[in-house]
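1081 is the number of the first residue of the sequence shown in this note's numbering; add one for each residue after it. To start, the structure itself, in structure tokens.
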Amino acid sequence: MKILYIFLVTLTLNSCMKRKYADLIIHNAVIHTLDEKNSVGAAMAIAEGKVLEVGPERQILNKYRYGASIDAEKKHIYPGFTDAHTHLFSLANQNLGVDLTGCQSMDEVVERVRIYIKIHKGHFVVGRGWDQTQWEVDQMPNNNRISEAFPDIPVALYRIDGHALLVNQALLRQVKKMGSLINEGLKTGLFVDNAMQIPESCMEDYTDAAYYEELLKIQQELLHYGIIGVHEAGISSRQFRILQRLDASNKWKISIYAMLMANSENYALAAKIKHYSQGNLSVRSFKLLLDGALGSRGALLKGAYSDRPNYKGLLLVGLKDLEIWVDRSLALDYQLNVHAIGDSANKSALLAFRRAYGTKPDHRWRIEHAQMVDPIDLHWFRDYAVFPSVQPTHATSDYPWAASRIGKQRLAYAYTYRSLLEQFGMIAFGTDFPVESINPFLTLRSAVLRMNPGNLPKNGFQQQEAVSLEMALKAMTVWPQFASFSERKRGALSQGMEASFFIAQKPFSERNIPADNYAHMTFIRGKKVYDASE
């Protein structure tokens, strides 16, 4: 009788357990949760867009009744990637205009513009992607060639990093009619950083509808790579409205943490919308450009450029203005994300954050890029809780020419991602697309192997600054959530967290990260949003 009673109780308990309901069960998988214990399971139960449990397959299948199940066929599953530094609108512009990525000469630039005009029959041409470091002679161009080839149609061509703009004489004629200030660019057609505002005042922009359609195409590419969130690094008030409209549709799935460009118009907008969080769009930060880029010699250095004596780069915002933006951000409880590439710019940003640290230690100030940080300044990331947000593919793209810009001695403290991680304890990885490829697996390769897609340099670039695969994955999944105040919602595949993840098409490991990998399937909040087989 006693044995029968125990049997009935056990049967009843098992029945109760089975009554737990899951909307979806993923099984026959290798699930990397990236939680604090780096737990790995074979099955995952999901309900109402959140993770119920990850564990052994038999345990999950026995414990839950479910509406649907997916056999992952032993593929590996990871939390969805969050790209911590993107430029959606710049990529849209590049796709809508002339894509100059990979051009090996000015001749090729001219030819691509010529083809674009023939197809689109436009009366105004905008392009992006030229990079003189890829040409036979690493020298910034003038506008002679594009003025000769296109004497009547205004042409504006951005460098790959967006920090230099080459325009032809047809556009300069419009600029001069507006009585713009005297600038060297009026002679050469080349404008760098802040000076780009001069020709931009005469340039046409695409319609909201054009951006809307192009951004939806970009979303498909992001989902193809298992990207479920982006940190959009600098938007205008108009772009904010476009993103609002996009998110209000049922077509946009990816979370966007958008940074407003630091200007008076956006400060007024921030004061009005406060901490904005509707649907997939969140806004509670400013983006401030402190210096330019290394490739165009706009990054602000402590000493002169090795290939340009007596020149240290550009300070785009006065240090007093930087302090004002720190105070403004504190007043609105907004995060301030400072673009700083050169060692001098990074020091200035760190000092500004140090001054504000006592007011609110957990403000989560960010430095975007942190490309060159003098070792004597490195400890301030730890001391004043400054979050480093970096783009590992810059290291493997820049290594062929970086030494010529800054010399071997300073190169030793450039692209130091491991050192930054050790200081702060966390780091956020992004791509900076369209400056670099949208492919996050190239980010993994650059961070872990310190190699480009061609497996160069042979032994890895400054291999001592490589990070482990585990750390790199967390820098692309878990830690960007902390950098955007969303660590309680998404990140690791832990109980109660968003069930946003991807099933990798190919397995990858510490020593083997395929550059051509992609997502077999991508899920956001438990819903399949991408399937490579469809």
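Ideal Cβ positions, reconstructed from N, Cα and C, are used throughout, including at glycine. Treat the numbers as computed from the prediction; the structure is a model and nothing was measured.
Residue i, DSSP secondary structure in three states
{"i": "K1100", "result": "strand"}
{"i": "F1087", "result": "Bear in mind that a pLDDT of 46 at F1087, under 50, signals an unreliable position, so the number given afterwards is only what the model happens to contain. In this structure, F1087 counts as helix in the three-state DSSP scheme."}
{"i": "G1510", "result": "coil"}
{"i": "D1457", "result": "coil"}
{"i": "P1480", "result": "helix"}
{"i": "G1393", "result": "coil"}
{"i": "D1387", "result": "coil"}
{"i": "A1596", "result": "The amino acid occupying residue 1596 in the given sequence is Asp; Ala does not appear at that position. Three-state DSSP puts D1596 in coil, outside helix and strand."}
{"i": "E1497", "result": "Looking at the sequence itself, residue 1497 is Tyr, so the reference to Glu does not match. Three-state DSSP puts Y1497 in a helix."}
{"i": "D1442", "result": "coil"}
{"i": "Y1464", "result": "coil"}
{"i": "I1334", "result": "coil"}
{"i": "I1447", "result": "strand"}
{"i": "M1276", "result": "helix"}
{"i": "R1325", "result": "helix"}
{"i": "L1283", "result": "The sequence shown places Met at residue 1283, rather than the Leu named in the question. Here M1283 sits in coil by DSSP."}
{"i": "V1406", "result": "helix"}
{"i": "M1081", "result": "Its pLDDT being 43, under 50, M1081 is placed unreliably by the model, and the measurement read from it follows with that caveat. Coil."}
{"i": "M1220", "result": "coil"}
{"i": "I1233", "result": "coil"}
{"i": "E1317", "result": "Reading the sequence as shown, one finds Ser at residue 1317 and not Glu. Helix at S1317."}
{"i": "M1531", "result": "coil"}
C-beta contact flag for residue i and residue j at 8 angstroms
{"i": "M1577", "j": "V1131", "result": "yes"}
{"i": "G1340", "j": "I1322", "result": "Going by the sequence as given, residue 1340 is Leu instead of Gly. Contact: no."}
{"i": "K1169", "j": "E1284", "result": "This sequence places Phe at residue 1169; Lys is not what is there. In this structure, E1284 does not lie closer than 8 angstroms to F1169 by Cβ."}
{"i": "L1501", "j": "V1466", "result": "no"}
{"i": "K1392", "j": "S1424", "result": "yes"}
{"i": "R1462", "j": "F1504", "result": "yes"}
{"i": "A1584", "j": "H1156", "result": "yes"}
{"i": "L1252", "j": "L1266", "result": "yes"}
{"i": "G1135", "j": "G1147", "result": "no"}
{"i": "S1227", "j": "N1248", "result": "yes"}
{"i": "L1296", "j": "K1331", "result": "yes"}
{"i": "S1469", "j": "R1434", "result": "no"}
{"i": "M1452", "j": "I1507", "result": "no"}
{"i": "V1609", "j": "K1257", "result": "no"}
{"i": "G1378", "j": "L1394", "result": "yes"}
{"i": "A1351", "j": "W1405", "result": "no"}
Residue interval of the beta strand (DSSP E) (run including residue i)
{"i": "Q1415", "result": "Q1415 to A1420"}
{"i": "V1110", "result": "V1110 to H1112"}
{"i": "F1366", "result": "L1361 to L1369"}
{"i": "V1131", "result": "K1130 to G1135"}
{"i": "Q1358", "result": "Y1356 to Q1358"}
Residues that DSSP places opposite residue i in a beta bridge
{"i": "T1166", "result": "E1312"}
{"i": "W1210", "result": "R1239"}
{"i": "Y1158", "result": "F1582"}
{"i": "F1603", "result": "F1581 and K1608"}
{"i": "D1151", "result": "H1107"}
{"i": "G1121", "result": "I1111"}
{"i": "R1145", "result": "Y1101"}
{"i": "S1517", "result": "DSSP, once it has assigned bridges, lists no residue as partnering S1517."}
{"i": "L1176", "result": "Answer by DSSP bridge pairing: none, since L1176 is not bridged."}
{"i": "A1127", "result": "K1130"}
{"i": "V1205", "result": "V1235"}
{"i": "A1244", "result": "V1272"}
{"i": "L1381", "result": "For L1381, which the question treats as bridged, DSSP gives no partner whatsoever."}
Extent of the continuous alpha helix (DSSP H) to which residue i belongs
{"i": "I1298", "result": "D1288 to H1304"}
{"i": "H1200", "result": "M1186 to H1200"}
{"i": "L1430", "result": "D1423 to Y1437"}
{"i": "R1525", "result": "P1520 to V1528"}
{"i": "A1572", "result": "No alpha helix (DSSP H) contains A1572, which DSSP labels as neither H nor E."}
{"i": "L1349", "result": "S1344 to I1353"}
{"i": "A1250", "result": "Q1249 to K1257"}
{"i": "G1560", "result": "First, the amino acid is wrong: residue 1560 is Pro here, not Gly. P1560 -> alpha helix (DSSP H) spans W1559 to A1563."}
Within-8 angstroms CB hit, residue i to chain B
{"i": "Y1391", "result": "The structure shown contains no chain B; it is built from a single protein chain."}
Would you check if the segment 1362-1377 and the segment 1407-1416 touch, i.e. whether three or more CB-CB distances between them fall below 8 angstroms?
-> Output reads yes: the segment 1362-1377 touches the segment 1407-1416.
Inter-stretch contact (C-beta, 8 angstroms, three-pair minimum) for the segment 1165-1181 and the segment 1198-1218 = Note that the segment 1165-1181 touches the segment 1198-1218; at least 3 beta-carbon pairs, one per stretch, sit closer than 8 angstroms.
Is the segment 1371-1381 touching the segment 1594-1613, taking contact as three or more C-beta pairs under 8 angstroms?
-> Touching, no, given that fewer than three Cβ pairs across the two stretches are closer than 8 angstroms.
Okay, do the segment 1471-1478 and the segment 1560-1574 touch, 3+ Cβ pairs below 8 angstroms being the bar?
-> Result no; under three Cβ-Cβ pairs closer than 8 angstroms.
Three-pair Cβ contact test at 8 angstroms for the segment 1341-1360 versus the segment 1233-1241 | No, the segment 1341-1360 is not in contact with the segment 1233-1241.
Taking three-plus beta-carbon pairs below 8 angstroms as touching, is the segment 1509-1520 in contact with the segment 1300-1307?
-> Between the segment 1509-1520 and the segment 1300-1307, the count of Cβ pairs shorter than 8 angstroms is three or higher; the stretches touch.
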